[in-house]
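Asks: Dumping the structure here so I can ask a few things about it.
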Amino acid sequence: MPLTPTTTPPFLAVLVRGLFAGLIAGLLAGGFAYVAGEPHVEAAIAIEEAATHAEPATGAHDHGDALVSRTGQRGGLFLATGLFGAAMGGLLATAYVLLSRRRRAEDDGRSGLLLAGAALLGVVIVPFLKYPANPPAVGDPATINQRTVTYLLMVVLGLVAVWAGSLGYRSVGAQAPPWLRAAAAVGGFLLVTAVAYVVMPSFEEVPSTFPATLLWNFRLASLGTQVVLWTGIGLLFAALMHHERRRRAATALPGT
Amino acid sequence: MSSSASSQPVVHPAGSTRLLWTALATVVVLALLTYLVAFDQGAVSRSGTYLHELMHDGRHLLGVPCH
């Protein structure tokens, strides 16, 4: 069966570009986290250590004579963000290919940007506003499993909310004015998000003695890390896809 | 294959079923990688808690519940 000449790259080519974009964006996010976040992690660990030494019975999480030194953990930050970024980039590329089968026209990487924005909203911002990131010394170790499960559920619900938004956008016909389509999108997104926020349990586990400014600064740095990650993935992936398509279009033309 | 003359959806060159299986396998592998970074306590990586401790700061700053 003759394939119609197309500039759409095969899945593997898209996946490799997603993984690469994710790895680079992850390392960039690691750099941001190192500069903007590490001082707050250090300060929080100092508070945690002080609390542990005052009350030796609760050795929940050792930092002092641990398996990995603090220097090792600071370096491990880049390993974590790099691997996490690569995984997210690969998932974005997979979603890009699966969704592109329904797309009407050949795409120039713009939908890669759109997907990264949707992921930032659904996977990061929606869960973050319900379950914000916590520094060391915040959070009850007894509820870690509960908090992990509810966090993951919130990520899923965030994606459902974004999907509801796009459903709302498309449910209003293309001939409708843009503001109406945008309103339907916002409505669908907010409906799911609001229900999720009300239904999901809350955890109030910040010790009353923990400095509020430190908590705020840490959370801001954590959110910034994810924003750098997803902005980087979106821009790099879109750029790589743009170039790949141009290359394929250039090599396909002389033959046809 | 759905087709309307003017605006035909782009059908991926790789066969549809094969593509879906490849995509599914990719998602599983990448989900495992995400798990290793964000949630593993040594049960899957068999490294004790070494990897867990090594990526401790990353988990906190990526906003994943840690401890």
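Protein chains in written order, with our numbering: chain V, 1268 to 1523; chain H, 230 to 296. For each residue, glycine too, the CB sits at the ideal point set by N, CA and C.
Does any CB atom of chain V fall closer than 9 Å to the CB of L283(H)?
Replies: Yes, its Cβ sits closer than 9 Å to a Cβ of chain V.
Asks: How many Å lie between G1432(V) and H1320(V) at the Cα?
Replies: Approximately 49 Å, taken between the alpha carbons.
Asks: Between D1407(V) and V1427(V), what straight-line distance do the alpha-carbon atoms span, to the nearest angstrom?
Replies: Approximately 29 Å, taken between the alpha carbons.
Asks: Can you look up G1326(V) in the DSSP assignment and give me helix, strand or coil?
Replies: Because G1326(V) carries a pLDDT of 45, less than 50, the predicted location of this residue cannot be relied on, and the following value inherits that uncertainty. Three-state DSSP puts G1326(V) in coil, outside helix and strand.
Asks: Distance cutoff 9 Å, beta carbons only. Does T246(H) sit that close to anything in chain V?
Replies: So no, T246(H) is outside the interface.
Asks: Just to confirm before moving on: does the CB-CB distance between V1335(V) and L262(H) stay below 9 Å?
Replies: No, Cβ-Cβ distance for V1335(V) and L262(H) is not below 9 Å.
Asks: Over the uninterrupted alpha helix (DSSP H) stretch that includes A1401(V), give me the two end residues.
Replies: Before going further, note that residue 1401(V) is Asn rather than Ala in the sequence given. Element bounds for N1401(V): n/a, residue is neither H nor E.
Asks: Compare the Cα-Cα distances from L1346(V) to each of Q270(H), R247(H) and H285(H) and report the closest residue.
Replies: Of the candidates Q270(H), R247(H) and H285(H), the one whose C-alpha sits nearest the C-alpha of L1346(V) is H285(H).
Asks: Could you have a look at T278(H) and say whether DSSP puts it in helix, strand or coil?
Replies: Here T278(H) sits in strand by DSSP.
Asks: Have a look at A297(H) and L1344(V) and give me their C-alpha separation to the nearest angstrom.
Replies: Limits of chain H in this structure are 230 at one end and 296 at the other, which puts residue 297(H) out of reach.
Asks: Just curious, the alpha helix (DSSP H) that R1486(V) is in, first and last residue?
Replies: R1486(V) -> alpha helix (DSSP H) spans A1479 to A1519.
Asks: Taking 9 Å as the threshold (beta carbon to beta carbon), is A1400(V) in contact with chain H?
Replies: Chain H contact via Cβ: present.
Asks: Given a threshold of 16 other Cβ atoms within 10 Å of its Cβ, counted over all protein chains shown, does E1315(V) qualify as buried or as exposed?
Replies: Buried is the call here.
Asks: What is the DSSP secondary structure of A1441(V), reduced to helix, strand or coil?
Replies: DSSP places A1441(V) in coil when its eight states are reduced to three.
Asks: If we define contact as Cβ-Cβ less than 9 Å, is V273(H) a contact residue for chain V?
Replies: So no, V273(H) is outside the interface.
Asks: With 16 as the cutoff for other CB atoms within 10 Å, does S245(H) come out buried or exposed?
Replies: S245(H) is exposed by the Cβ-count criterion.
Asks: To the nearest angstrom, report how far apart K1397(V) and A1519(V) are at their CA atoms.
Replies: Rounded to whole angstroms, K1397(V) to A1519(V) spans 49 Å at the Cα level.
Asks: Return the Cβ separation of G1357(V) and L1279(V) in integer angstroms, given the expectation that the two are a contact with Cβ distance under 8 Å.
Replies: Rounded, the Cβ-Cβ distance is 11 Å, inconsistent with contact.
Asks: Against chain V, does D269(H) count as a neighbour if the rule is that its beta carbon must be under 9 Å from one of theirs?
Replies: No, D269(H) does not count as interfacial toward chain V.
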